[in-house]
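I have placed the structure first, in the form of structure tokens, so that the comments after it can refer back to it.
In the numbering used here, the protein residues as written are 1073 to 1196.
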């Protein structure tokens, strides 16, 4: 089958489907009201700046480590580019930070904090 025949067949099938509809759609279940957990989630997202049950609050040293880690991650993102930042590995990110004096190497506490947040069980 050549491309022209394939595209004509595809166009005909798409047109026929929209003209006649799909029979399965006529038997769809009626919409159900959202459950309580979804309502809670949507409420939390709409009111993100309020304190909610289950929030994790950092104080003192952990908050300072979070701020310095976030600053270095943002500087790394600016240095390597947004697209490259999305695809580099963790080790590559540490390597870039170490190589560029404008970023500065991550401290042991910052690396441990990132490892802790990555492996933290959010279900608890």
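Backbone N, C-alpha and C define an ideal beta-carbon position, used for all residues, glycine too.
Quick one, are the C-beta atoms of residue i and residue j less than 8 Å apart?
i	j	result
residue 1154	residue 1148	no
residue 1176	residue 1144	yes
So residue i is in the alpha helix (DSSP H); what residue range does that whole segment cover?
i	result
residue 1117	1108-1118
residue 1155	1154-1159
Under 8 Å by Cβ, that's how I've got residue i and residue j pegged, so tell me the actual separation to the nearest angstrom.
i	j	result
residue 1129	residue 1182	So it is not a contact: roughly 19 Å between Cβ atoms.
residue 1178	residue 1169	6 Å
Within its chain, find whatever has a CB closer than 8 Å to the CB of residue i; leave out the 5 residues flanking it on each side and keep chain order.
i	result
residue 1184	none
Taking C-alpha atoms, which residue in the options lies nearest to residue i?
i	options	result
residue 1124	1133, 1113, 1170, 1165	1113
residue 1174	1165, 1163, 1151, 1191	1151
Identify, in the order they occur along the chain, each residue of the same chain with its Cβ nearer than 7 Å to the Cβ of residue i, setting aside the five sequence neighbours on each side.
i	result
residue 1105	none
residue 1140	1182
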